[in-house]
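Colleague: I have a structure I would like to understand better, so I am pasting it below and will then ask my questions one at a time.
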Amino acid sequence: MPALESKEVKLFADGGSRGNPGPSASGYVLLDMQDNVIAKNGTYLGETTNNQAEYHSLISGLHEAHKRGAKYVHVYMDSQLVINQLKGSFKVRHDGIKPVYQKAVDIASQFADVTYTHVPREYNKAADAMVNETLDKNIK
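The sequence shown begins at 2 in the working numbering and counts up one residue at a time.
Written as structure tokens, this is what we have:
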């Protein structure tokens, strides 16, 4: 795995569930600051909620960024709930979300800085495609 030239990356993350709860997947695309793809992945999660899948996508993407030596991560997600919870604007009330929220916060604390930006779904197409490809492969 090559080291990053820049220690700054963009992470596009998305999660989805067919049914809520239902069969779920997470996906992320990690880019350098010139928008070159560094890594991408989709993971089948089994039966979870949409919001849990969103958090799993973030956790997986942050793990990958950390593994590659990133220090600064710009996170882009189309889940307003997740972004606002991570920014502290919304409280985490659901017991099923608390553990994945805490895991995301713990991983994010390993970086010099992580920013969170809510983007419309059309700006998160690559991560969304990872989710749908993974779901299509795993749901018969």
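By construction, the Cβ of each residue, glycine as well, lies at the ideal position given by its N, Cα and C atoms.
Have a look at Tyr124, Lys68, Leu12 and Ile39 and flag the residue whose alpha-carbon is nearest the alpha-carbon of Tyr56.
Modeller: Checked all of Tyr124, Lys68, Leu12 and Ile39; the closest Cα to Tyr56 is Leu12.
Colleague: If the criterion is Cβ atoms closer than 7 Å, does the pair Lys104 and Lys8 meet it?
Modeller: For Lys104 and Lys8, no; Cβs fall outside 7 Å.
Colleague: What does a CB cutoff of less than 8 Å around Phe67 pick up in its chain, not counting 5 residues either side in sequence?
Modeller: Reading off the sequence shown, one finds His at residue 67, where the question assumed Phe. Cβ neighbours of His67 beyond the five flanking positions: Ile108, Gln111 and Phe112.
Colleague: Starting from Ser154, follow the alpha helix (DSSP H) in both directions and report where the run begins and ends.
Modeller: In the structure as shown, the chain begins at 2 and stops at 141. Residue 154 is therefore absent and cannot be evaluated.
Colleague: Based on Cα-Cα distance, which residue from Leu63, Ala54, Gly17 and Ala127 lies nearest to Gly97?
Modeller: Among Leu63, Ala54, Gly17 and Ala127, the Cα nearest to that of Gly97 belongs to Ala54.
Colleague: Please name the residue or residues paired with Val76 in a DSSP beta bridge.
Modeller: The partner list for Val76 (beta bridge, DSSP) reads Leu12 and Tyr117.
Colleague: Using the C-alpha atoms, what's the distance from Val115 back to Asp137?
Modeller: Cα-Cα distance, rounded: 31 Å.
Colleague: Are the Cβ atoms of Thr49 and Ser25 separated by less than 7 Å?
Modeller: Contact: yes.
Colleague: Along the chain, where does the alpha helix (DSSP H) containing Ser61 start, and where does it finish?
Modeller: From DSSP, the alpha helix (DSSP H) with Ser61 extends over Asn51 to Lys68.
Colleague: Measure the C-alpha to C-alpha separation of Ser27 and Leu59 and round it to an integer number of angstroms.
Modeller: Rounded to the nearest angstrom, the two C-alpha atoms are 8 Å apart.
Colleague: I'd like to confirm the pairing. Which residues does DSSP put opposite Ser142 in its beta bridges?
Modeller: Past the edges of the chain, shown from 2 to 141, lies residue 142, and the structure says nothing about it.
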